[in-house]
Amino acid sequence: MASELKTTAPSLGAATDAADTGMAETAITTAEQRPNLKFAVGRTAEILQRDYLTGGNTAAANARGTLAELRKAGALKLEEHPLALESVLMALVVPLSEREQGKSDHASPSERAAFYALTLFGQHMQSSQQPLHNAEQSFAAACGRLHATVESKSIKPRFDAMQSAFNEDTRMIHLRNLIALLRDKKIGFDYGQFAQDLRSLENPRRRNGVLLRWGRDFADGTFRGRATTEES
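Residue numbers (my numbering): 69 to 300.
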């Protein structure tokens, strides 16, 4: 036992163990502090759609129930229905990092972003027979493909109105309309990056960068969508 050791100086092995323990504790602390929103939402969407589309009876039933709960939460105003946030956070298969979690009586920016992204995902996956979380395509590129696919000229004005909305409630109205149209055309996008972008839109220092990237991706998605349509 350690108490029976006669030497007062720690052995090399003990010192190494202590160092390793310290490194492990530092790694854990770093992991707890590292922003986790993008991964948490992306991984949750990936597993939900996998279980919903290809899981066994129990997994598929659980995924259907969770997606239904997400859609239900999305119809509620977050400030007036605090339990809606709880249901969404409980749906995460990976929790937000400690620094992203709220510490006050209000939802943190990352919690709000996770809430909106996953409730929109629930809407997007309703009655879908194919995966709509697509890590290879951004939200704006998906909207660009939609713009190139449909005959209606309303997609770009809808997208522009969503981008220019400074009010969160107004932005969400436009987003829900766009998600409904994307669902009809079976066009998916990366929900992890989408959640991170929603978070960044609430930061004045990052907002313009997100809007610039979204505009670029929308144009690129439009050109790619047109090329695909012409090939077919």
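Where a beta carbon is used, it is the ideal one built from N, C-alpha and C, also for glycine.
On a predicted model such as this, the values are computed, not experimentally measured, just so you know.
Three-state secondary structure (DSSP) of residue i
i, result
"residue 234", "coil"
"residue 149", "coil"
"residue 201", "strand"
Rounded straight-line distance, which links the Cα of residue j to that of residue i
i, j, result
"residue 64", "residue 148", "A question about residue 64 goes unanswered here, because the residues of the chain that appear run from 69 up to 300."
"residue 223", "residue 115", "30 Å"
"residue 140", "residue 125", "22 Å"
"residue 230", "residue 127", "35 Å"
"residue 249", "residue 218", "10 Å"
"residue 244", "residue 155", "19 Å"
"residue 137", "residue 286", "30 Å"
"residue 296", "residue 290", "10 Å"
"residue 159", "residue 153", "10 Å"
"residue 279", "residue 232", "9 Å"
"residue 104", "residue 252", "31 Å"
"residue 281", "residue 130", "36 Å"
"residue 201", "residue 135", "13 Å"
Integer-rounded CB distance, given that residue j should sit under 8 Å from residue i
i, j, result
"residue 198", "residue 254", "6 Å"
"residue 263", "residue 162", "12 Å between Cβ atoms; not a contact."
"residue 151", "residue 247", "Their Cβ separation, rounded to whole angstroms, is 23 Å, which puts residue 151 and residue 247 out of contact at 8 Å."
"residue 112", "residue 186", "7 Å"
Residue i, buried or exposed, once every other Cβ within 10 Å from all chains shown has been counted against 16
i, result
"residue 293", "buried"
"residue 234", "exposed"
"residue 164", "buried"
"residue 266", "buried"
"residue 166", "exposed"
"residue 220", "exposed"
"residue 142", "buried"
Counting beta carbon pairs with one atom in the region 211 to 224 and one in the region 175 to 183, are three or more of them shorter than 8 Å?
no
Between the region 189 to 206 and the region 163 to 176, can you find at least three pairs of beta-carbon atoms closer than 8 Å?
no
Using 8 Å as the threshold, is the region 271 to 278 in touch with the region 120 to 134, meaning 3 or more CB pairs across them?
no
Under 8 Å: do the region 244 to 260 and the region 200 to 207 share three or more Cβ pairs, one atom per stretch?
yes
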